[in-house]
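Novice: Chains as they are written, first to last, in my numbering: chain A, 160 to 553; chain B, 160 to 553. Built from N, CA and C at the ideal position, the CB exists for glycine as well. Computed from a prediction, not measured in an experiment: that's the story for all the values here. Okay, handing you the structure first.
Protein chains: 2
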Amino acid sequence: MIDFNYFSPTYIAFGRGKESRTGELVRRFGGKKALLVYGGGSAVASGLIARVEASLGEAGVGFVELGGVKPNPRSSLVEEGVRIALEEGVDFLLAVGGGSVIDTAKAIAIGAANGGEWRKFYVGREVKVRPMIPAALPVGVVLTIAAAGSEASTNSVINLEPENLKRGAGGDVLRPKFAVMNPELTMTLPPFQTACGLADMFAHVCERYFTPTRDVTLSDNLCEALMRTVVEESSKVMADPRDYQARANVMWAGTLAHNDICGAGRVQDWASHGIEHELSALYDCAHGAGLAVVMPAWMAYVYGADVARFARFARNVFGVGMGAPDSEAALAGIEAFRAWLKSLGLPLTFAELGAKEEDIPKLVATMHLQGGTMGGFKSLTEDDIAAIYRLCCV
Amino acid sequence: MIDFNYFSPTYIAFGRGKESRTGELVRRFGGKKALLVYGGGSAVASGLIARVEASLGEAGVGFVELGGVKPNPRSSLVEEGVRIALEEGVDFLLAVGGGSVIDTAKAIAIGAANGGEWRKFYVGREVKVRPMIPAALPVGVVLTIAAAGSEASTNSVINLEPENLKRGAGGDVLRPKFAVMNPELTMTLPPFQTACGLADMFAHVCERYFTPTRDVTLSDNLCEALMRTVVEESSKVMADPRDYQARANVMWAGTLAHNDICGAGRVQDWASHGIEHELSALYDCAHGAGLAVVMPAWMAYVYGADVARFARFARNVFGVGMGAPDSEAALAGIEAFRAWLKSLGLPLTFAELGAKEEDIPKLVATMHLQGGTMGGFKSLTEDDIAAIYRLCCV
């Protein structure tokens with residue numbers, strides 16, 4: 160186990176109807192005037208936005224609105240949000256939606272607290288080392304998609320225009336103050352989006368599980384518990400989207416997959432996320448779908464770096480390769496993972512995703528590897544990453 | 160899964176030498192003058208108290224001291240601490256030690272913030288329903304014993320004199336602001352104290368695992384991951400008290416066993432803790448030793464309420480009863496648990512603990528059951544509890 164700091168102060172209000180507490184929670188965490196950020200029509204059409212607004216009104220919290228957040232959230236909307244936040248003097252960001260909405264709100268929270276500056280905190284072509292974010296307005300969340308874990312994480316990922324680079328910022332100041340989590344709000348998600356969310360949260364655990372750090376028995380066991388749960392509950396939510404209990408387990412799993420309870424004391428990987436971000440930036444595909452393509456290819460490429468760990472993954476997460484030698488078990492585990500993704504209806508290849516093999520040089524070129532490599536489990540060069548993309552094509 | 164609120168904002172600084180950050184952390188969380196609470200000679204003799212004082216000095220934090228906390232911490236020392244805190248105008252409680260020291264600091268923190276009142280927040284003869292604690296001074300922790308989990312929990316347990324009643328208070332205001340966790344500080348613990356800590360943290364998970372709540376796949380899996388880890392690592396720390404990695408896993412497990420990550424969304428039990436508290440109050444035995452006697456007896460008495468859950472415990476935590484029917488597996492699991500406690504050198508009976516069968520009426524009489532019963536897994540009357548005590552005698 161390596162030394163670590165762990166600080167996850169997000170207040171979670173979990174259960175049916177909890178969105179009625181939104182106004183009270185904004186006040187509790189110091190908000191008097193909020194910028195309410197949301198996405199498209201479904202949050203409005205379902206009546207959720209109206210319920211949240213009513214709750215704000217009851218608590219005496221003023222608000223202005225910014226709708227229209229898209230998946231792979233765009234920097235242009237962040238700019239607009241920062242402008243509104245500064246003009247209107249808001250002191251709180253309230254995100255009603257999933258990861259894209261929350262990440263947009265976090266970016267606006269940075270800009271509003273730093274005189275309009277936010278972009279320089281997103282690691283990219285110019286910024287090689289993640290800079291400290293000195294301040295951000297407080298952010299609260301009403302979660303509608305179980306996937307990104309941004310409701311309790313330190314991170315925000317934004318698609319930086321005009322180059323279309325998906326880049327991240329991070330820091331303790333970005334942890335939301337509260338997250339309202341009502342599993343009923345996720346029941347109307349289409350099956351494909353539900354599946355993408357399952358792949359995303361599973362990947363968040365993988366990025367921590369596949370580590371070179373030794374003697375991390377506790378977090379190894381926690382990671383496996385999380386991954387097994389996501390697999391166990393996935394068939395229930397896919398079979399019956401209105402299964403409250405399965406939705407509740409999946410929703411809470413999405414949070415714990417990314418609040419870093421599984422990552423404390425471990426060197427983490429995050430290469431698959433980096434490799435995927437280039438895909439969703441270029442093709443505007445769903446992040447979870449991109450991960451379904453990238454993760455098994457990454458596994459097939461890197462498993463030789465620690466066969467025993469992949470054998471353990473196979474046995475303890477998917478229950479395969481039990482009597483087999485490690486090398487066979489490792490491959491059986493990757494196959495089982497792929498089969499699980501397929502069972503969710505997710506793409507597994509470039510072709511199924513709508514990506515093109517001839518774009519690989521462009522994908523690699525925009526990556527701006529920090530220090531020339533990427534990945535904590537196995538350090539990957541540009542050539543390695545191109546090879547992984549090629550594995551996605553077969 | 161039942162609705163829940165989850166709020167665990169304790170900042171964790173984990174690793175070698177982290178006690179040097181104590182002063183900085185007290186300042187970060189608003190402290191200018193601390194009451195430094197500790198126990199006996201070992202923290203002084205080891206030089207830890209001097210290192211902590213140096214760190215406070217470097218950060219410009221003033222302090223006064225209160226040593227002498229004993230296991231099963233006494234209310235008289237709390238009274239003294241409250242008096243000092245008020246007289247000296249301290250604004251922060253710094254606990255250097257294990258659960259007894261932290262719980263004493265928490266009680267003083269309540270008293271100092273409520274004009275000297277603290278006792279009325281501890282549920283006892285007069286107080287039947289846990290009252291809201293309106294305020295408490297901030298508490299920070301330098302942890303030296305992996306056991307109680309009080310470094311990140313909402314609870315404090317004090318032995319109320321002169322009646323010798325061990326009673327608890329609880330609330331979000333009692334969550335420590337930070338916990339410095341250096342596994343090296345636990346290496347000099349005697350084997351018996353180490354074992355008591357292992358039993359205590361295992362019990363904290365059990366109190367959450369044995370629940371009547373259905374459809375809690377995620378926290379079921381997390382509970383089992385925690386319990387398996389404690390069992391796996393216990394043989395390593397007992398064999399080599401200076402095994403840093405095993406100490407680190409055990410120390411972090413003790414925190415996660417009681418910060419309620421395993422309890423979110425579940426009806427919890429806590430009967431075993433209540434039954435044990437009467438023992439350590441009357442005989443001044445170690446809480447973990449008392450739990451080693453009580454827990455298996457409680458299990459043997461209640462397992463019929465949900466045989467399948469005990470069979471799952473057997474298979475997923477101890478790997479026994481795999482092919483057997485549930486009723487056999489359940490009993491095999493309780494036996495395996497008992498064997499594990501015995502392997503740690505812990506007592507299993509009243510005689511081994513130094514308790515007396517003829518005291519059972521007295522133990523039951525002082526219990527003051529809330530609503531006449533105790534326990535969320537199976538509701539226990541006074542007669543049930545007497546029967547469990549009698550099972551501890553054979």
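1. Measure the Cβ-Cβ separation of A:MET397 and A:ALA354 and say whether it is below 9 Å.
2. Are there 16 or more other CB atoms within 10 angstroms of the CB of A:GLN427, so buried, or fewer, so exposed?
3. Do the CB positions of B:SER259 and B:PRO297 come within less than 9 Å of each other?
4. Using the beta-carbon count (16 or more within 10 Å), is B:GLN529 buried or exposed?
5. Leaving aside the five residues before and after A:PRO400 along the sequence, list all residues of the same chain whose C-beta is less than 6 Å from its C-beta, in chain order.
6. So for A:GLY530, helix, strand or coil by DSSP?
7. Where does B:TYR281 sit, in a helix, a strand or coil, going by DSSP?
8. If contact means a Cβ-Cβ distance below 7 Å, which residues of the region 385-415 of chain A contact chain B?
9. Please name the residue in A:LEU539, A:PRO232 and A:VAL237 whose C-alpha comes closest to that of A:ALA464.
10. Are the beta-carbon atoms belonging to B:ALA416 and B:PHE163 less than 9 Å from one another?
11. Since B:TYR460 is in the alpha helix (DSSP H), which residue starts that stretch and which ends it?
12. Which whole-angstrom value is the C-beta distance of B:LYS521 and B:VAL461, which I expect to be below 8 Å?
13. May I have the straight-line CA-CA distance separating B:VAL453 from B:MET533, to the nearest angstrom?
14. If you count every other CB in all the chains shown that lies within 10 Å of the CB of B:VAL288, and 16 or more means buried, which is it?
15. Can the beta-carbon of B:ARG186 be found closer than 9 Å to that of B:ALA218?
16. Listing by chain order, which chain A residues have their CB less than 8 Å from the CB of B:ASN164?
17. Do we get a CB-CB distance below 9 Å when we pair B:ARG186 with the residues of chain A?
18. Compare the Cα-Cα distances from A:THR181 to each of A:GLU276, A:ALA213, A:ALA483 and A:SER394 and report the closest residue.
19. Would you mind working out which of A:ILE493, A:LYS501, A:GLY535 and A:ILE544 sits nearest A:GLU516, comparing C-alpha positions?
20. Within the 9 Å Cβ cut-off, does B:THR376 reach chain A?
21. Taking B:ILE292 and B:ILE269 to be in contact with their CB atoms under 8 Å, please state how far apart those CB atoms are, rounded to whole angstroms.
22. For chain B, is any of its Cβ atoms less than 9 Å away from the one on A:ARG105?
23. Taking a Cβ distance cut-off of 8 Å, strictly less, list which residues of the region 416-432 of chain B are near chain A, in chain order.
24. Indicate whether at least one CB of chain B lies closer than 9 Å to the CB of A:MET160.
25. For B:LEU319, which option in B:SER235, B:GLY482, B:THR508 and B:LEU207 has the closest C-alpha, if you only look at C-alpha atoms?
26. Going by the CB atoms, is the gap between A:ARG406 and A:SER167 shorter than 9 Å?
27. Tell me, please, whether the region 298-313 of chain B touches the region 249-266 of chain B by the rule of three or more beta-carbon pairs shorter than 8 Å.
28. Given a threshold of 16 other Cβ atoms within 10 Å of its Cβ, counted over all protein chains shown, does A:ASP359 qualify as buried or as exposed?
29. May I ask you to report which of helix, strand or coil DSSP gives A:LEU252?
30. Please identify the residue among B:SER179, B:GLU178, B:SER393 and B:LEU245 whose C-alpha is closest to the C-alpha of B:GLN352.
31. Within the region 214-246 of chain B, note down every full beta strand (DSSP E) run reaching 3 residues or more, in order along the chain.
32. Of all the alpha helix (DSSP H) runs that stay within the bounds of the region 323-356 of chain B, which reach a length of 4 or more residues?
33. Counting only Cβ-Cβ distances shorter than 8 Å, please list the residues of the region 470-495 of chain A near chain B, keeping chain order.
34. Leaving out five residues on either side along the sequence, give the residues of the same chain with a beta carbon under 6 Å from the beta carbon of B:GLY240.
35. For B:VAL380, go through chain A and note every residue whose CB falls closer than 7 Å to its CB, in chain order.
36. Spatial neighbours of A:HIS432 within its chain, please: C-beta separation below 8 Å, excluding the five flanking residues on both sides.
Specialist: Inspection of the coordinates gives the following:
1. yes
2. buried
3. no
4. exposed
5. MET346
6. helix
7. coil
8. ARG387, THR388, GLU391, GLU392, GLN404, ALA407, ASN408, TRP411 and ALA412
9. A:LEU539
10. no
11. 446-461
12. Wrong, their Cβ atoms sit about 23 Å apart, outside the cutoff.
13. 14 Å
14. exposed
15. yes
16. TYR170, ILE171, ALA172 and PHE173
17. no
18. A:ALA213
19. A:ILE544
20. yes
21. 6 Å
22. Missing from the structure shown is residue 105 of chain A; chain A here goes from 160 to 553 and no further.
23. ILE420, ALA423 and GLY424
24. yes
25. B:SER235
26. no
27. yes
28. buried
29. strand
30. B:SER393
31. 221-225
32. none
33. none
34. LEU225 and ILE267
35. Looking at the sequence provided, one finds Asn at residue 380 of chain B rather than Val. Within 7 Å Cβ-Cβ: ALA384, ARG387 and THR388.
36. ALA362, GLU366 and LEU450
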